[in-house]
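Single-structure report; data block below.
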Amino acid sequence: MEKEITIRKPSDMHLHLRQGDMLKTTVQDAATWFAQGVVMPNTVPAINTPERLIAYRDEILSLAPDFKPIMSFKLYPGMSADAVKAMASSGTVLGKLYPAGVTTNSEDGVKSWHEIKEALGAMSDLGLVLSIHCEKPDSFCLEREYEYHQEFAAIAKAYPDLRMVFEHISDRRSIDFLAGLPDRVAGTITAHHLLLTLDDVLGANMNPHVFCKPVVKGPKDREALRRAAFSGDKKFFFGSDSAPHLKTKKESGTAAGGIYSSPFAVPLMAQLFEEHGQLDKLENFMSIYGPAFYGIAPAAGCITLVQKKSTIPSVIDGIVPLYAGKTVSWSLKN
Ligand code: DOR
Ligand code: ZN
C-alpha cells in the first residue's frame, strides 16, 4: 500500500495572486492545496485603500469561495494613522513594508521606517502585523537581506508590542538573528529557498524562471533554512512567496524576480521533509504555526497526500512553475 499522510489543509502565509487573467489560475492553484493565504498587496495599483482591498478580496472570493484570502495592505511613505485605521476596518490584519525598489512594483516603497512612523504606531495600537520584505536597497544583492537586519531591529525596538514577520528568509544569518528576537517576531520560509541554491539560477545556463527576490543563496544557507523548518520552532512557518510572471516576460531581455510555486509546493515540501526523516514536522510548519502567529484559526479540514509520483507541467497557463517538467513523489489523494 502507498504511504499516506493526512495534515490540516495548509495555510500559505505569503503569496501573490496577481490580477486580470492570471488571477483565475493563481487562485485556483492556491485553493487546491491551501485553505487560506496571506495575499500580498503589490498589485498595480497597490492595495492601499479600503475600496481596493474589498474589491480585490471580493474578486478572489468569486473565483474560489472556499479559499480564505487574508488581505494585506501596502504601506506608503507618510501614511497616516487614520489611513491605517481605515484599512483595519476593511478587514485586513497586516500591512506590508516594501523597501523602495527592492522587488516587483516596489518603486513607490519606503526608504526608511522613519517615513512610516505614524502608520507603525497605529498598527501597533490596533494589533496589526507588520510584514517586511527584508532587503536593503542598493546593497550588493547577496548581502541585501543581512544588511537589512539593522533596520528590522530598529523597528522592533521602537515598537515593543508590534508583531513582525521577516518574509522569505534566504540567508543563514537571518535564522540566528530571528532566534535572538522575542516571540512577537516570526519568519516565513518558501519552498524555493528550501530547495534551490544560486547554482540552480546561474551555475550552468542562466534560468530566469528560478530568479526571485531575495535571490536564493548558497548550500549553507539552504541547510540553515532546512534546519529551521525541521526544528519545530513555531517562529518559522511556510509562506510560498509564489509570484508568477509570464514565460514570455521571464524570457525577454530582463526578467523580474518571482517563482510560481503554488501548484506543487505542498507535495514538494512533503518530499523534502520525508527525505530528511521529518515528515512528522510537516503539519506544524505548513498548517499550524503560521495561523497561530497571526491569531487566526487553522483550516478546519484536512488533505491527504499519497506517495505517488506526479509530473509537474512545463508550463501552466503561460507560466513556468517551480520544478517544471520534473516529478515529485507525492500527490493529492482524491
Ligand atoms: O521574487 C519575488 N517576486 N519577490 C518578491 O518579493 C515579489 C515577487 C513578485 O511580486 O514578483
Ligand atoms: Zn512576496
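Under the working numbering, the first residue of the sequence shown is numbered 2, with each subsequent residue one higher.
Note that the Cβ used here is the ideal one computed from N, Cα and C, for glycine as well.
Collapsing the DSSP output to three states places F239 in a strand. Secondary structure of E144 (DSSP, three-state): coil. Here the C-alpha atom of L76 lies approximately 38 Å from the C-alpha atom of T305. Annotation: the segment 43 to 82 contains the following complete segments of the beta strand (DSSP E) (minimum length 3 residues), in chain order: 69 to 75. Rounded to whole angstroms, the Cβ separation of K282 and F231 is 5 Å, and the two are in contact under 8 Å. Restricting attention to beta strand (DSSP E) runs no shorter than 3 residues, the segment 95 to 173 encloses them at 95 to 98, 130 to 133, 164 to 167, ordered along the chain. If you look at D13, you'll find it in the beta strand (DSSP E) that goes 12 to 16.
As summarised for the segment 175 to 243, the continuous alpha helix (DSSP H) elements at least 4 residues long and confined to that stretch are 192 to 196, 199 to 203, 220 to 231, given in chain order. Here P11 is buried, its C-beta having at least 16 other C-beta atoms within 10 Å.
Boundaries cannot be given for Q279, as no alpha helix (DSSP H) includes it and DSSP labels it neither H nor E. The Cβ atoms of I317 and V329 lie no closer than 8 Å to each other. Distances between the C-beta of T105 and the heavy atoms of the ligand DOR include at least one below 7 Å. The nearest non-hydrogen atom of the ligand ZN is less than 7 Å from the C-beta of A244.
In this structure A256 is in contact with P209, their Cβ atoms being roughly 4 Å apart against a cut-off of 8 Å. Per the Cβ contact rule, the segment 229 to 249 is in contact with the segment 179 to 196 (3 or more Cβ pairs under 8 Å). Per the C-alpha coordinates, the member of P215, G326, A244, T26 positioned closest to V39 is A244. Straight through space, the alpha carbons of F274 and M2 are spaced by roughly 20 Å.
Judged by their CB atoms, S132 and K86 are not nearer to each other than the 8 Å cut-off.
Secondary structure of I289 (DSSP, three-state): helix.
Around the beta carbon of T249, fewer than 16 other beta carbons sit within 10 angstroms, so the residue counts as exposed. The residue from Q29, F74, I320 with its alpha-carbon nearest to that of P46 is F74.
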